[in-house]
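In the numbering used here, the protein residues as written are 2 to 181.
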Amino acid sequence: MSGPSKPRTTSATTITVCVVLKIANEELSRVLHEESAFSDLFVQFLAHRSTRTQADLVDQLFNNSERRLARTLLLMADYGNSSGPETLIPPVTQGTLANMIGTTRSRVSFFMNRFRKLGYINYKNRIRVHKSLLMMVLEDRLPEQNASRPKLLDPPDGRARTARRAKLLGASDSARPTTG
Numbered sequence: 002m003s004g005p006s007k008p009r010t011t012s013a014t015t016i017t018v019c020v021v022l023k024i025a026n027e028e029l030s031r032v033l034h035e036e037s038a039f040s041d042l043f044v045q046f047l048a049h050r051s052t053r054t055q056a057d058l059v060d061q062l063f064n065n066s067e068r069r070l071a072r073t074l075l076l077m078a079d080y081g082n083s084s085g086p087e088t089l090i091p092p093v094t095q096g097t098l099a100n101m102i103g104t105t106r107s108r109v110s111f112f113m114n115r116f117r118k119l120g121y122i123n124y125k126n127r128i129r130v131h132k133s134l135l136m137m138v139l140e141d142r143l144p145e146q147n148a149s150r151p152k153l154l155d156p157p158d159g160r161a162r163t164a165r166r167a168k169l170l171g172a173s174d175s176a177r178p179t180t181g
């Protein structure tokens, strides 16, 4: 199926002012065939886009939302760009960040406050990303224990607990059929 009746499966949201240009398929095909410089640039863009899409998928599948937020902030600040990072990222809401990384706005708020307290970012009106966030991600130093979910400790064994455990184990043993 092609043409205007083809269903759209994706959407785009801008965070800065931009211009969108719609190019007809026939015109794009003609330019790709006739202009080798443009064709080379377009293929390079598609390869880069494909690599970024794969990285985004791996990020979504294997990283928690805090790591995805750190990666998104670093990407928005252009860390890894040959011309150097723009540490002050474009204005973006916590809701937009939440949509970008697949979590809730309240989780983004929690992580942003933690990043600020740890000195990884500053923000008032706009977010400034510090190199320490990049170093933290590269060195895999994100705090594993989430402050909102403290680690549960096993209480020490006491007489009452030991007796209860023995009673439960005894009940489960007597419920099992015996083989002879």
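Every residue, glycine too, gets a C-beta built ideally from N, C-alpha and C. In this text, all values refer to a predicted model and were calculated from it rather than measured experimentally.
Could you tell me whether the Cβ atoms of residue i and residue j are closer together than 8 Å?
i: L89; j: L70; result: no
i: M113; j: Q95; result: yes
i: L75; j: V18; result: no
i: S110; j: G120; result: no
i: R115; j: Y124; result: no
i: P92; j: R127; result: yes
i: L47; j: S40; result: no
i: R72; j: V21; result: no
Tell me, which residues are paired with residue i by DSSP?
i: Y121; result: Note: Y121 sits in no beta bridge, so no partner.
i: I128; result: Y124
i: L89; result: R129
Residue i lies in the alpha helix (DSSP H); which residues open and close that run?
i: R9; result: From DSSP, R9 is part of no alpha helix (DSSP H); its letter is neither H nor E.
i: S84; result: Run containing S84: none; DSSP gives neither H nor E here.
i: V18; result: Per DSSP, V18 belongs to no alpha helix (DSSP H) and is neither H nor E.
i: G103; result: G103 -> no alpha helix (DSSP H), and no H or E assigned at all.
i: D41; result: 37-63
i: T73; result: 66-77
Under the assumption that residue i contacts residue j (Cβ atoms under 8 Å), give the Cβ distance between them as a whole number of angstroms.
i: S66; j: I102; result: 6 Å
i: T135; j: Y80; result: Per the sequence presented here, residue 135 reads as Leu, with Thr not at that position. About 5 Å separates the two Cβ atoms, so the contact holds.
So is the beta-carbon of residue i under 7 Å away from any non-hydrogen atom of the ligand PLP?
i: S12; result: Of ligands this structure carries none, so the ligand PLP is not represented either.
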